[in-house]
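Notes follow once the structure below has been shown.
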Amino acid sequence: MDESDERLDNTSDKVYNEDVNGLKRNKNPNKRRPVPIVRQNRLTRLFRERGGKVWQDEEAFAYLDLQGADAICLGQDIIVLQRKPIISEILEELYHADQHFRGEIDTNSRESVVLAEIATQQYLLSVTEEYGIPKSEVKQTQKALKAYQKELEGLRNEK
Numbered sequence: 001m002d003e004s005d006e007r008l009d010n011t012s013d014k015v016y017n018e019d020v021n022g023l024k025r026n027k028n029p030n031k032r033r034p035v036p037i038v039r040q041n042r043l044t045r046l047f048r049e050r051g052g053k054v055w056q057d058e059e060a061f062a063y064l065d066l067q068g069a070d071a072i073c074l075g076q077d078i079i080v081l082q083r084k085p086i087i088s089e090i091l092e093e094l095y096h097a098d099q100h101f102r103g104e105i106d107t108n109s110r111e112s113v114v115l116a117e118i119a120t121q122q123y124l125l126s127v128t129e130e131y132g133i134p135k136s137e138v139k140q141t142q143k144a145l146k147a148y149q150k151e152l153e154g155l156r157n158e159k
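According to the UniProt record's numbering, the sequence shown is numbered sequentially starting from 1.
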């Protein structure tokens with residue numbers, strides 16, 4: 001079993017839109033604007049140079065389907081992407097990997113994960129123009145941000 005197989009067995013490191021309904025990125029093929037592989041490679045270059053792996057093969061696609069996710073970050077060194085990811089999926093998972101790298105996420109705490117999601121959605125909104133994020137993805141990001149803020153409020157009210 002290699003290191004990536006061990007990581008898959010420990011799914012507590014993954015950060016994705018878990019427990020928040022309706023937050024999947026646009027699945028309509030007519031509205032998705034996939035990122036060309038050359039641009040994807042440019043976007044992920046620094047991540048890969050520090051030892052990160054972009055998992056994007058048939059097994060990865062099956063794993064995403066099994067998890068019901070568009071993309072997943074499995075800690076600081078593995079992101080899982082679809083065949084033709086959109087810009088928001090790539091940027092979101094890279095940001096989560098950076099959060100893990102900086103030690104900002106406690107995967108055993110739902111509040112920590114939700115705070116990380118909020119920070120990530122805010123980041124995506126802040127780089128909309130820089131990366132040319134389409135309006136449909138911006139709307140989804142705004143929707144996700146509101147949902148995570150509501151979830152955070154609920155978590156804090158439980159205490």
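Heads up, the beta-carbon is just placed ideally off N, CA and C, and yes, glycines get one too.
Next item on the list: May I ask you to verify whether the stretch 106-119 touches the stretch 128-137, counting CB pairs closer than 8 Å and requiring at least 3?
Entry: no
Next item on the list: Report yes or no: do the stretch 97-114 and the stretch 54-61 share at least 3 C-beta pairs separated by less than 8 Å?
Entry: no
Next item on the list: Using beta-carbon positions only, say whether C73 and E49 come within less than 8 Å of one another.
Entry: The residue given as residue 73 occupies position 73 in the sequence shown. The residue given as residue 49 occupies position 49 in the sequence shown. No, the pair does not count as a contact, with Cβ atoms beyond the cut-off.
Next item on the list: Take L155 and list the residues in its own chain whose beta-carbon comes closer than 6 Å to its own, dropping the five residues that flank it on each side.
Entry: Numbered from 1 along the sequence shown, position 155 holds the residue referred to as residue 155. Only E111 meet the Cβ criterion.
Checklist line | The beta strand (DSSP E) enclosing K84, as first and last residue numbers | finding: One-based indexing of the sequence shown puts residue 84 at position 84. Where K84 is concerned, there is no enclosing beta strand (DSSP E), given that its DSSP letter is neither H nor E.
Checklist line | Cβ-based burial, T141 [other Cβ within 10 Å; buried from 16] | finding: Numbered from 1 along the sequence shown, position 141 holds the residue referred to as residue 141. It counts as buried.
Notebook entry, point to check: Which term fits V35, buried or exposed, when burial requires 16 or more other beta carbons within 10 angstroms of its beta carbon?
Noted result: For the purposes of this step, residue 35 is identified with residue 35 of the sequence shown, where counting begins at 1. Buried, since its Cβ has 16 or more Cβ neighbours within 10 Å.
Item checked: Buried or exposed by the 16-neighbour rule on C-beta atoms within 10 Å, applied to L91 -> One-based indexing of the sequence shown puts residue 91 at position 91. Per the 10 Å Cβ criterion, buried.
Margin query: My output table needs one value for K53: the three-state DSSP class, helix, strand or coil.
Written below: In the sequence shown, counting from the first residue as 1, residue 53 sits at position 53. DSSP places K53 in strand when its eight states are reduced to three.
Note to self: Using a Cβ-Cβ cutoff of less than 6 Å, which residues in the same chain neighbour I87 once the five nearest sequence positions on both sides are dropped?
What the structure shows: Numbered from 1 along the sequence shown, position 87 holds the residue referred to as residue 87. Closer than 6 Å at Cβ, skipping near neighbours: V35, Y131, I133.
Notebook entry, point to check: Taking just the CA atoms, how far does D65 sit from Y123?
Noted result: Start at 1 with the first residue of the sequence shown, and residue 123 comes out as number 123. Start at 1 with the first residue of the sequence shown, and residue 65 comes out as number 65. Cα to Cα, Y123 sits roughly 26 Å from D65.
Next item on the list: Specify, as a first and last residue, the run of the beta strand (DSSP E) that I72 falls within.
Entry: Here residue 72 is taken as the residue at index 72 of the sequence shown, counted from 1. First-last of the beta strand (DSSP E) with I72: 72-74.
Check: For I118, which of helix, strand or coil comes out of DSSP?
Finding: As a working note, residue 118 is residue 118 in the sequence shown. Three-state DSSP puts I118 in a helix.
Item checked: Closest Cα partner of T107 within the set Y148, N41, G75, E59 -> One-based indexing of the sequence shown puts residue 107 at position 107. Of Y148, N41, G75, E59, the residue nearest in Cα terms is G75.
Notebook entry, point to check: Where does the unbroken alpha helix (DSSP H) through N157 begin, and where does it stop?
Noted result: Locating residue 157 in the sequence shown gives position 157, where the first residue counts as 1. N157 -> alpha helix (DSSP H) spans 135-158.
Margin query: Suppose the cutoff is 7 Å on Cβ atoms and the five residues either side in sequence are ignored; what does the same chain contact list for K135 look like?
Written below: Here residue 135 refers to the residue found at position 135 when the sequence shown is read from its first residue. Once the five neighbours on either side are set aside, K135 has no close Cβ partner at all.
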